[in-house]
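So for the sequence shown, the working numbering puts the first residue at 4; every next one is plus one.
Beta carbons are placed, not taken as given, at the ideal position from N, Cα and C, and that holds for glycine.
For reference, the structure is listed below as C-alpha cells.
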Amino acid sequence: MARLETQINQIYLTDPANKKTSLILYEEQISPSAQLFILAELWDIRKKTEETDLKKISEIILESFRANKRLAAEALFESSLAQINQNLADLAHSGRKSWVGKFSAVLCLKSGDNIFAANDGACACFLHRKGELVEILPAEKRGDHPFKTFINFTQGRLAPSDNLIINTSNIFDYVSIEHFSEILNRQTPEQASVEISKILQDSLNESQAFCAFLLSFTKPQAAGAPAQPETKPEPIYAPLPEDLPPSEANARFGKLSFSRPAWLAKPKIRLGRIAALQKLQWSYFQNLSRPAKFFFISFSIFLILFLANLTNYLVNRHYKTVQMRIENQITLVNQDLTEAQSAIIYKNNDEALNAMNRAQKDFETLLGMDEVAAKKLEPRLENVKTQINKISRIENAQVIATLKRNPVSLGKAPTAFLLAGEDSNSLSQYSGSALKEYFLLNSLKNNVTGIAFMPGVGVVVSSGNLVSKINQDMQQFETIVSVDQGQLSAIRAGAGGLYVLDLAGRQVLRLTLNKTKIQSTKAASIENGDIRDIGADKDLYILSADRLTKISGGASTNIPLPNLTDGISNANKLFVGANLYILEANKKRVVVISKTGSLLNQIYFPNARDLRDLYIDEAARSMYLLDGDKLEKITF
C-alpha cells in the first residue's frame, strides 16, 4: 500500500494583548519515514521569566525524539515519551516548576500509515473519517505531577481521506463538535481551517488563544495522472413538493379526489314502534275514582318522605359510628403516647420504645381514617419520639474549610487535620487557617483507605497491602509495613499504637514503635461479616453494618446497640473516645452511645450532602464532619 501524503493546515490565533498564554505549533521530519507534530500551551503566565518555560519544554521534547530517531516507529514514540517524562521531572526538581499544573500539549508521530499520539492537560485529538468526528485522545485536567506528564497515549492506522485534528480544547467552547464536523464534511481541510478561524476570531481576548493542526491524509497521485475535476455531489434526498414547479408536482402526485365511503352513508331508522310508545297513556290512573286517586297520591308522598328519612337516619348513624371510631382511635394514640412518656420518666427506655411503636401503628391507622385529626396529633407524636430517641437536629453546621481533591478519610495530627482522597496524590492537611497539600514525588498503586498520625513516625496511610509513611524531607512515600496478600481498609490511632484493619486476612494488626523500628503484631481475629470500621483506646472496637464488638484482653464481647425507632442498620464510621460515636451516612446522623450500649444522643444533619468521616474533640465538645468537599464543625 502506497504511503499516505500529509497536507498540513493550521489555526493559530492570539490577541496581542494576551500575555498570560503562550502557544507553540511545530512540525518536523524526524526521519525519512517519521514526521512529528507538536501542539503545546502554557497557561496563566504570571512572570516574564515563565515565558521561557514553554521554549525549554519544547527543546526537551525535540531532543528526545531526535535522539531516538533511528528506532522503529513504536519504539521511537515510547522511548521518547519515557525520556521526556524523566527530563521534565528533572526540570521541576531543579527549581523550574512554575509550569507544573499550567502545561498542556499533544505529541503526534506519523510513520507511514500509522499514527501515534499522546497528550497532557487541556488539549485533545480527533479523527474525522467517513463524515464522523471521533475523539481518540480526550482532554484532561492539567496535571500537577512532573513524573506523570505524558501518560495517556493511543495509536492507530490511517486510511485515505482521513483528517486528524490536534487542538486546544477551548476551541470547542466556541465551535460545537457537531458544527465542526459539519464544516469538515462540506469543505476541504484548508477551507475548513479558514472558516473556523473566522468564527474564533471574534472570541479572542486577553485570556483566550486558539491553535490547532488540521492534517489531511491522501494517496499520492500517479505521475502524469490528470487531476480529476471536482464535481458537486447530487443530493441524496427527494425534493419537497413545494420545491417543484406546479406542473411537475402535479405530474408526481396526480390529481387528488375524494369519495364518500359506504360506511359514512346516513343510517335508515324505522320509528314506528317509538311512535306507538308515544301514544301510550296511563289509563289505569284515569280509571280510578276521586277518593282512590287521592289515596294513591297521598301514599306516594308518604313513601317518598319515608325513604328520605330512612336514608338520612342511616347516613347519620354511619357518620356517628365513624366519628366514634375516630375518637376511640385518637384516645388510643394519646394513651400510647402517655405510656411512652411515663416510661421515659422512669428511665425504662425499652418500654418507652414499645409504647412508641404502638403509638406509631395506631397513628397510621388514624391517618387512614381521618387525615385532619391525625395531623393534629402529629406534633405530639414527633415530640415524644424525639424525647425517646434523644434526637437533636443541626440544620446548618459551621463550615470551617472548603477542601480540594475530593477527600474521603479524616485523621488528626497534633496541630492539624489530615485529609486523604482515594488517589495517593490527593493528601492534604488543614491547620485551622490554611489548607496545605502534600507534594510527593512517588505515588501508591492502590487507593488510599485511611490516614492517621503516629508519634515518632509522622503521617501514615493505608493502601492495598501496605502501610506507608510520608517522608516530608524526601517528599515521598516510604513503606513501613507490608501485609502478605492483605487488603487494608482502615487505620486508626489508639492507646497502644496504630490499628489496621485487614479484611483479606480477617484480622486487626497493631503497629508500635520500638526505638526506631516499627513492629507489627496481630491484635485480634475477626469473624466473617460486613466489617465497616475499627476504633481503639485501651480496648479494640470493631464496627459492622448493624453490630459493634469490643475486644479486651483477647476476649470478644458484643455491645448491644440501643433500641431505636429507626435502628442502626448501615453504620459507616466509628470514633472512640470516652463514649462511642457511630456515623450512619445514609440516615444523615451520628448516634452517641456509652461503652455499655446506652443511648446518649442522636444528632441528625438533614442538610448534609455526603457524610464520609468524623472526628470528636470531647474536651471542647466539638464534632468535626467531612461532608463532601466541606469540613464542618458543631458544638454538642
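Within 8 Å, strictly: CB atoms of residue i and residue j
i	j	result
F106	I169	no
E193	N12	yes
D632	L406	yes
L628	K393	no
E54	S97	no
F366	V336	yes
I391	A416	no
L708	L617	Outside the displayed range of the chain (4 to 639) lies residue 708, so it cannot be described from this structure.
S395	I606	yes
G424	V451	yes
L112	F153	no
L642	L546	In the structure as shown, the chain starts at 4 and stops at 639, and residue 642 therefore has no counterpart that could be examined.
S436	V484	no
L516	A527	no
R550	N561	yes
A376	A362	no
A125	A142	yes
E44	A108	yes
L91	I139	no
CA-to-CA distance, residue j to residue i, given in whole angstroms
i	j	result
E385	T341	13 Å
K282	L310	Residue placement at K282 is flagged as unreliable, the pLDDT there being 45, under the threshold of 50; a coordinate-derived value is accordingly withheld.
N575	L438	26 Å
I41	E30	6 Å
V593	C128	48 Å
Y17	S200	It should be noted that the sequence gives Thr, not Tyr, for residue 17. Near 11 Å, if we compare the C-alpha coordinates of S200 and T17.
F119	F68	13 Å
L369	L313	29 Å
V137	L130	5 Å
I554	R624	27 Å
P244	E198	Confidence is the limiting factor: at P244 the pLDDT is only 47, short of 50, which leaves the residue's position unreliable, though a coordinate-based value still follows. If you take the alpha carbons of P244 and E198, they lie about 33 Å apart.
N331	K378	16 Å
K50	D56	11 Å
L564	K350	17 Å
D630	D613	5 Å
P382	D569	18 Å
G459	G557	27 Å
Own chain residues within Cβ distance below 7 Å of residue i, not counting five before or after
i	result
L7	D116, L161, P163, F220, T221 and K222
A404	Y433, L438 and L634
L28	Q13, Y15, L42, C214 and F216
S559	T552
N399	N610
D47	K23 and K105
Y177	I202, L203 and S206
A346	E354, A355 and A358
I529	R509, Q510, V511 and I545
N573	A548, E587 and N589
S34	K72
Sequence-distant residues of the same chain with beta carbon closer than 8 Å to residue i, five excluded per side
i	result
L447	S427, V464, S466, G467, L469, S471 and F480
L487	Note that residue 487 is Asp in the sequence shown, not Leu. The residues are N468.
T191	S219
T334	none
Span of the alpha helix (DSSP H), counted from its first residue to its last, around residue i
i	result
G371	N352 to M372
A85	A76 to H96
S597	Here S597 belongs to no alpha helix (DSSP H), and DSSP marks it neither H nor E.
R69	E54 to A70
Span of the beta strand (DSSP E) around residue i
i	result
V325	No beta strand (DSSP E) contains V325, which is instead part of the alpha helix (DSSP H) from R293 to I348.
S107	F106 to S114
E621	Looking at the DSSP string, E621 is not in any beta strand (DSSP E), and its letter there is neither H nor E.
L16	E8 to L16
T560	A558 to I562
V451	V451 to M457
Contacts around residue i, its chain only, beta-carbon distance under 6 Å, and the 5 residues preceding and following it disregarded
i	result
G508	G489
L280	Residue placement at L280 cannot be trusted, given a pLDDT of 44 that sits under 50; what the coordinates show is reported in the next sentence. Closer than 6 Å at the Cβ level, and outside the excluded window around L280, lies no residue.
E440	S431
E498	Strictly speaking, residue 498 in this sequence is Ala, with Glu absent from that position. Once the five neighbours on either side are set aside, the close Cβ partners of A498 are D540 and K541.
V402	K633 and E635
Q158	F119
M626	I619, I637 and F639
A20	E209
Q86	S67
Q38	Q32 and K113
Any C-beta of chain B under 8 Å from that of residue i
i	result
P141	The structure shown contains no chain B, having only a single protein chain.
| request: Identify every run of the beta strand (DSSP E) within the region 380 to 413, keeping only runs that are complete inside it and at least 3 residues long; order them along the chain. | output: 394 to 396 and 401 to 405
| request: Can you check the region 161 to 234 for any alpha helix (DSSP H) of at least 4 residues that lies completely inside it and give the ranges in chain order? | output: 180 to 189 and 192 to 204
| Where in the region 464 to 536 do unbroken runs of the alpha helix (DSSP H), each at least 4 residues long, occur, reported from the N-terminal end onward? | none
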